[in-house]
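See below for the structure under consideration.
Residue numbers (my numbering): 16 to 391.
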């Protein structure tokens, strides 16, 4: 299981955003952000596949006072339980090395022991306390930078029912009238990432994971704007990489990438939170007559407006706790948006882009064992 280096070529489909919300981090790329994005999507894949179970997670809650000072518990942080007990791990590894065959490498025995100690697969691959993981980034190389003018689209910070506000200013922070949905600094172009991992992990986890992200996922930040969509290609590709199989728990439970996603016919179906048979949900617009623009920024702007209209409608229906879980909140408990603008290049000559909205709302069920479904 000797680590090797693998170069992966990235091409932006939508702009990439790295750094914090107020542009204080000027570095164009943060390797921790890329690895964090990969880990996020791999945890989702393992959850949707049944590889990780509700008991693999711990839920932190935030107390909020309601009417008559009644305390309500709000889930705000779901964490994969994966703290490695160092002394136990070290002692068991020594025993395993002493009793194993001579041709077994220490790395192979380490992975065997981590599985035996019930460290969840995402933590074995991407690391946890006491274990640095199997996939690392050695270097990021920018090969071409393209600068396109960003778009200006705002919603009210104080009242989600207000009309969309437009402005040409470059805002460093949100103010009382506008949200911070205008992001000036972003990257658009081509770059290479040098990953370090063993061949088995590269072929059966890293490459299929990157292909999943190419089809449905995002990297970096500002996903609520549709930022972070990329295309990938590999120097050492051997197969199509359209499934997870022949690796750890996936050996007995192979999963096709497309089987993790349910295509829906109505935007309202994006908001159905099924607690069994969890999937991502994708709504693809087929009516090109409404979107006449050919640029990605135009599509993102229109999809953002479409999302805002859905959000307003749901806000008027009440259920505010669920509303903020689905559409995001910066106040405690903090939530990221679970309905995201989605764009990818079409594989036909009739149209250049496929576009719509993708929902990751079923991740709200992580750590819970309830059955049934709940339409927000």
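Quick reminder that beta carbons are idealized off the backbone N, C-alpha and C, glycines included.
Three-state class that DSSP yields for residue 49 in the structure shown: helix
Beta-carbon separation of residue 245 and residue 27 under 8 Å? yes
For residue 19, the first and last residue of its enclosing beta strand (DSSP E): Per DSSP, the unbroken beta strand (DSSP E) holding residue 19 starts and ends at 19-27.
How far does the alpha helix (DSSP H) with residue 139 in it reach, from first residue to last? 136-141
Name, in chain order, the residues that DSSP records as bridge partners for residue 368. According to DSSP, residue pairing for residue 368 in a beta bridge involves 360.
Pairing CB atoms from the stretch 214-232 with CB atoms from the stretch 145-160, are three or more of them under 8 Å? yes
Taking 8 Å as the limit between beta carbons, can you name the residues of its chain near residue 111, skipping five residues before and five after? 124, 127, 128
So, under 8 Å CB-CB, residue 355 and residue 235 are touching, yes? Tell me the CB distance rounded to an integer number of Å. Going by Cβ atoms, the distance from residue 355 to residue 235 rounds to 13 Å, so no, they are not a contact pair.
Assess contact between the stretch 17-27 and the stretch 99-119, defined as three or more Cβ pairs (one per stretch) separated by less than 8 Å. Is contact present? With a cut-off of 8 Å, the stretch 99-119 and the stretch 17-27 do not count as touching, because too few Cβ pairs lie within range.
Mind checking residue 361: buried by the 16 CB within 10 Å criterion, or exposed? exposed
Alpha carbon to alpha carbon, how far is residue 55 from residue 29? Give it in angstroms, no decimals. 19 Å
Inter-stretch contact (C-beta, 8 Å, three-pair minimum) for the stretch 282-291 and the stretch 255-263: For the pair of segments examined, the stretch 282-291 was found not to touch the stretch 255-263: the number of CB pairs separated by less than 8 Å stays below three.
Report all residues from its chain with a CB closer than 6 Å to the CB of residue 52; omit the five preceding and five following residues, and keep chain order. 234
May I ask which residues mark the beginning and end of the alpha helix (DSSP H) holding residue 110? 101-114
May I ask you to report which of helix, strand or coil DSSP gives residue 341? It is helical.
Tell me whether the beta-carbon of residue 374 lies closer than 8 Å to the beta-carbon of residue 296. The beta carbons of residue 374 and residue 296 sit closer together than 8 Å.
Test item: CB-CB of residue 213 and residue 17 under 8 Å: yes
Less than 8 Å between C-beta atoms, sequence neighbours within five positions excluded: which residues of the same chain meet that for residue 101? 145
If you run the structure through DSSP and keep just helix, strand and coil, what is residue 157? strand
Minimum length 3: unbroken beta strand (DSSP E) runs contained in the stretch 193-272: Within the stretch 193-272, the complete beta strand (DSSP E) runs of at least 3 residues are 204-212, 245-249.
Cutting at 8 Å between CB atoms, please list the residues of its own chain near residue 376, excluding the five before and the five after it. Excluding residues within five positions, the ones whose Cβ falls inside 8 Å are 285, 286, 287, 288, 296, 341, 353, 354, 391.
If you compare alpha carbons, which of 359, 276, 232, 209 is closest to residue 251? Nearest C-alpha to residue 251: 209.
Own chain, CB closer than 6 Å to residue 321, minus 5 neighbours either side, in chain order: Nothing listed; no residue qualifies.
Per DSSP, which residues does residue 94 bridge with? Please list them. For residue 94, DSSP records a beta bridge to 73.
Quick one: what does DSSP say residue 349 is sitting in, helix, strand or coil? coil
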